[in-house]
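Now the structure itself:
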């Protein structure tokens, strides 16, 4: 079956990337792409549904139409085979592509907004997304749908959203990807209904270069948004006071999803942080999205049961069950927001320096920044240092879930499993945590706090000044895929996968091979 799939996939790629480089053939070939759509409507509560007027319901329906089209685009980009992608000709090696892209006339090969084919001379040639996917846009009336979204926004007296949708229409015709991001970042208010649609994040591309089609539509949770913004402002103030530097601008939006499509549907995120580009984040700020019902569902189904199961009961002595749950949920959401804000602090050019290790190192840095900041910010006087206990406990609780779900149909990105394994192993090596009666335990909150602080500064130095060989050495010394094995059998939701030692390759940042 696997060989049949591979042969079928090879035929598809030969159509999508003809050796002649014919754009007409390229567009026709989209009809042969993988037909599976990453498109998932999500029901809203009856109360929230009733709060919407007719125009807002019309807006939601049009958002779903636009998102479905992006799912079709993603079905072309996504390969049905692991360790494959549909952004380059078959057999392309990352080192060859990057070497060619160093030539001034070939720099567009590594644009995140262009696929790569081979022309008649068998040389790499980029085709911008707005041209490569034009046939899909036209056949499914994406441009008309965006125009209708803009018109409905006018009726809702939301001029910012109307402008955003007009600029999105222009993006899909001319390739101006930046203007709509500026509009979204710079508006002072939050729309009640928002559609994020376009090409973002490099999760699907094994080389970590190309952005993928995705979309989500959501309805604002004003109360949670205000609460999370207060925390984010406190975090930015702490960054300023502790570093003496002006912190990057950022805001947060909490919302209820009603549609998710493309790459965002595949990875089942609880949120996101856009724009992707570090330079754009510095210029226009960033926006952290939190999908409330996704976060609540994962917390209740996975994270909190793991927390109760693998964290020593000694760490919650003196707290009632309701207090434990409240503190745990607060730790998870604050760590998530701080992690996403950490992306605004990541320097540019990591892929050029670290190859397949770049995404791993970036995510590890952001996670350690989150733990470090929460360990050093002023604590809630209601619970005091218990907050610090629950931050590191939330890290290990999520880590055991990632251990169990990695390489399963519900897999998250490999970086999350790896970063948590690194943190746990480092803390064990420093004797700051230990296993006791089948649980992770520590004597004082100061022990894992001090260990993770030391690791944070090591990774901070590495990400800013390190080279490829140094990050390879760091990875070899600090990652052990078996670190959660002894705890995994306690969980009833799943079981441990094969514990072969794994590491990323330069050409494959999102998959870890034995």
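Residue numbers (the numbering used here): 87 to 600. Just so it is clear, CB atoms sit at the ideal spot from N, CA and C, and this is done for glycine as well.
Task: Inter-stretch contact (C-beta, 8 Å, three-pair minimum) for the stretch 411-423 and the stretch 469-478 - done: Enough Cβ pairs lie closer than 8 Å, so yes.
- [ ] Look up residue 306 in the DSSP assignment and give the residues it is bridged to.
- [x] Residue 306 is bridged to 341.
- [ ] Inspect the beta-carbon positions of residue 172 and residue 165 and report whether they are closer than 7 Å.
- [x] Taking 7 Å as the cut-off, the beta carbon of residue 172 is found closer than this to the beta carbon of residue 165.
Open item on the list: Considering just the uninterrupted stretch of the alpha helix (DSSP H) at residue 485, what are its terminal residues?
Closed with: 472-491 is the span of the alpha helix (DSSP H), which, as asked, contains residue 485.
TODO: Find out if the Cβ-Cβ distance for the pair residue 454, residue 542 is shorter than 7 Å.
DONE: In this structure, residue 542 lies closer than 7 Å to residue 454 by Cβ.
- [ ] Would you mind sorting residue 433 into buried or exposed? The rule is 16 or more other CB atoms within 10 Å of its CB.
- [x] Answer is exposed; the Cβ neighbour count stays below 16.
Task: Bridge partner(s) assigned by DSSP for residue 279 - done: DSSP lists 305 as partners of residue 279.
Task: Buried or exposed (CB count within 10 angstroms, at least 16 for buried), residue 216 - done: Residue 216 is buried by the Cβ-count criterion.
Open item on the list: Need the endpoints of the beta strand (DSSP E) that residue 200 sits in, please.
Closed with: Under the DSSP assignment, residue 200 falls in the beta strand (DSSP E) whose first and last residues are 200-204.
Task: Distance between residue 206 and residue 373 (C-alpha atoms, nearest Å) - done: Rounded to the nearest angstrom, the gap between the Cα atoms of residue 373 and residue 206 is 43 Å.
Task: residue 547 classed as buried or exposed, judged by whether at least 16 other C-beta atoms fall within 10 angstroms - done: When all chains shown are included, residue 547 counts as exposed.
- [ ] Could you tell me the distance, in whole angstroms, from the CA atom of residue 234 to the CA atom of residue 295?
- [x] If you take the alpha carbons of residue 234 and residue 295, they lie about 32 Å apart.
- [ ] Compute the Euclidean distance between the alpha carbons of residue 271 and residue 281, then round it to the nearest angstrom.
- [x] Cα to Cα, the separation comes out at about 13 Å.
Open item on the list: Considering Cα atoms alone, identify which of 221, 482, 400 and 158 is closest to residue 614.
Closed with: The question about residue 614 has no answer here: the residues shown for the chain are numbered 87 through 600.
Open item on the list: Run through the DSSP bridge pairs and tell me what residue 375 is partnered with.
Closed with: For residue 375, which the question treats as bridged, DSSP gives the partners 339 and 358.
TODO: Look at the Cβ atom of residue 326, then the Cβ atom of residue 333, and state whether they are nearer than 7 Å.
DONE: Judged by their CB atoms, residue 326 and residue 333 are nearer to each other than the 7 Å cut-off.
Open item on the list: DSSP has residue 214 in a bridge; who is on the other side?
Closed with: DSSP lists 200 as partners of residue 214.
- [ ] State the Cα-Cα distance for the pair residue 258 and residue 520, rounded to the nearest angstrom.
- [x] Cα to Cα, residue 258 sits roughly 53 Å from residue 520.
Open item on the list: Rounded to whole angstroms, what is the Cα-Cα separation between residue 340 and residue 470?
Closed with: Rounded to whole angstroms, residue 340 to residue 470 spans 26 Å at the Cα level.
Open item on the list: Here's the rule I'm using: 16 or more other beta-carbon atoms within 10 Å means buried, otherwise exposed. How should residue 208 be labelled?
Closed with: With fewer than 16 Cβ atoms within 10 Å of its Cβ, residue 208 is classed as exposed.
TODO: Consult DSSP for residue 219 and reduce its assignment to one of helix, strand or coil.
DONE: Residue state, collapsed to three classes: coil.
TODO: With DSSP collapsed to three states, give me the class of residue 348.
DONE: Strand, per DSSP.
Task: With 16 other Cβ atoms within 10 Å as the buried cut-off, status of residue 485 - done: Classification for residue 485: buried.
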